[in-house]
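**Student:** Can you keep this structure in mind? I'll have questions shortly.
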Amino acid sequence: MTTVFVQLRRVVYLLVLLLCCVCVAYAASPSDVVQDSSAMRSTEIRNVDQELGNTVDKAYEYIVLVSGCLSLMEEEMKLCKENSKRAEVASTNITKLLEEFKALGNEKEMWIQGKKDGLQENIYAIGNLTISLVGVKFLEHACGRALDGLNDNVKGFAEARKSKKTNQTLIELEKKLNTTRDGIKSLWYDGKLRNEANKAVKNLMDDLGDVSGLHVPQAINDTELKEGEEFGVIGKERIDILGGKLEKVKANAPEEIKRLKREELVEEEEGNKTEMQPSGEVGVTSQKAHEEAKEKRREKKEALEEEEKRKEADEEKIEESGRGNSGEEVNKEVQGENVKEMAKEEAEKAIKAIQERDNSSSPALMHGPLLVLLLCVLGCTLVC
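Residue numbering for the sequence shown is -27 to -1, 1 to 357, as defined by mature numbering (1 follows the signal peptide of the UniProt record, and there is no 0).
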């Protein structure tokens, strides 16, 4: 019987020793726990910053595209209004000249030669109105998807980031869009005028016949407003010009986005400084503070532009010499090192705080209750 108890105690000793080794091997130290939690927080922060950054970049890209479309539409609508006035005058002139022509006797051919230049000028004026209307229609179609989504994107960008400048710009674009759409609706009168003017030209050509030698643009011969190659050579040329302007807006978008970011950064910094000042002091020196803030914004903007140029120059040197990575990769490495250093510092601070409270960092103590239970069992076996 005694031999059995001795063997049992030996088995218990081995089990306790084995369990202690397992606890020590798998127990996570406080430093590991803090480092893991710190790394997780850093990763979450980076993900949130990246998501917000992508949203803001999308907002800037959208602002540049919509702003460019609206500017082109305003220019084309202005040109359309000017051509509409000329076409109205031309239509009146053609109607009067046609009545004068019908009242002539045998001197019609001589009359045609004397009025030919004036008639041709009036015909071209009416054709230009049609081209302008087609230009507006083309821009409305090309920018329609971006313009239709403006109202929804204003709300989405506002919720993603409370950026005063970005949201204010989007709201201004929304108002500008509503004004532009109202202007497009008012073009129905120009379309009606175009139809009446085209009819006057056709009546003139029917009465004059082939002996007139006048050239009638395809824009007048077409009975409907069409786009692209179906409209005719003159219409296609105008569409190609407007299409090139749209492509230029897209090509200049990256530089325009950088400019908007610089301006927003400067305004945010100045706004934070102003909020920190007492209200009474701001009221007394508001004019002076406004001028100083304006000057500082200008200096800050110039400094940012110089820094941007310097970075671009450094990137070009790196590419030419073939040493190292591109400027973007270098920036990513520097940012990654900074994040690692910050995470390491946070982990060290947390470890010190835990050690001061606990006075120990032993991994085995993390499983203290289980070890106490095993020691009690071991004591009982020794007594028995």
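Ideal placement from N, C-alpha and C gives every residue a C-beta, glycine not left out.
Owing to the predicted nature of the structure, the values given are computational and were not obtained by experimental measurement.
1. To the nearest angstrom, report how far apart G87 and K165 are at their CA atoms.
2. Classify V107 as helix, strand or coil using the three-state DSSP reduction.
3. What three-state label does DSSP hand G205 in the structure shown?
4. L145 by DSSP, collapsed to three states: which one?
5. Does the distance from the C-beta atom of E100 to that of P190 stay below 7 angstroms?
6. Measure the Cβ-Cβ separation of S105 and N56 and say whether it is below 7 angstroms.
7. Using C-beta distances below 7 angstroms, list every residue in its chain close to L77, excluding the 5 sequence neighbours before and after it, in chain order.
8. Quick one: using the 10 Å Cβ neighbour count with 16 as the cut-off for buried, is T153 buried or exposed?
9. Let me check understanding here. Comparing Cα to Cα, which of K81, V39, E285, D287 lies closest to N151?
10. For L(-14), count neighbouring Cβ atoms within 10 angstroms of its own Cβ and tell me buried if that reaches 16, exposed if not.
11. Exposed or buried, which one is I214 when buried takes at least 16 other CB atoms within 10 Å?
12. Pull up the distance between the alpha-carbon of L233 and that of T103, whole angstroms please.
13. Would you tell me roughly how many angstroms separate the C-alpha atoms of G117 and Y33, rounded to the nearest one?
14. Among L219, E275, K58, which one has its Cα closest to the Cα of F111?
15. Count the other CB atoms, across all protein chains shown, that sit within 10 Å of the CB of residue 359; report buried if there are 16 or more and exposed otherwise.
16. Determine the closest residue to Q93 out of G156, C53, E145, L181, with distance taken between C-alpha atoms.
17. Between V174, E82, G108, D179, which has its C-alpha nearest A60's C-alpha?
18. Comparing alpha-carbon positions, which option in D179, E236, L43, M50 lies nearest Y162?
19. Short check: CB of N171 to CB of I193, under 7 angstroms?
20. Of the choices A63, K75, L45, whose alpha-carbon is the least far from that of D179?
21. Determine, using beta carbons only, whether G41 and V222 come nearer to each other than 7 angstroms.
22. Assign Q8 to one of two classes, buried (16 or more other C-beta atoms within 10 Å of its C-beta) or exposed (fewer than that).
23. With 16 as the cutoff for other CB atoms within 10 Å, does residue 431 come out buried or exposed?
24. Answer yes or no: do E229 and V37 have a C-beta to C-beta separation smaller than 7 angstroms?
25. To the nearest angstrom, how far is the alpha carbon of K149 from that of Y35?
**Tutor:** Reading off the structure:
1. 31 angstroms
2. helix
3. In this predicted model, G205 has a pLDDT of only 48, less than 50, meaning its place in the structure is not dependable; the value taken from the coordinates is given anyway. G205 falls in the coil class under three-state DSSP.
4. In the sequence as presented, Leu is not what sits at residue 145; that position holds Glu. Here E145 sits in helix by DSSP.
5. Residue identity differs from the one stated: residue 100 is Gly in this sequence, not Glu. Their beta carbons are under 7 angstroms apart, which means G100 touches P190 by this criterion.
6. yes
7. W84
8. buried
9. V39
10. exposed
11. exposed
12. 37 angstroms
13. 18 angstroms
14. L219
15. The displayed coordinates of the chain run from -27 to 357. Any statement about residue 359 would go beyond what the structure contains.
16. L181
17. V174
18. M50
19. yes
20. K75
21. yes
22. Because the pLDDT of Q8 is 48, which lies under 50, any placement of that residue in the model is unreliable, and the number read from its coordinates should be weighed accordingly. Buried, by the Cβ-count rule.
23. Because the chain is modelled from -27 through 357, residue 431 falls outside the range shown and cannot be assessed.
24. yes
25. 15 angstroms
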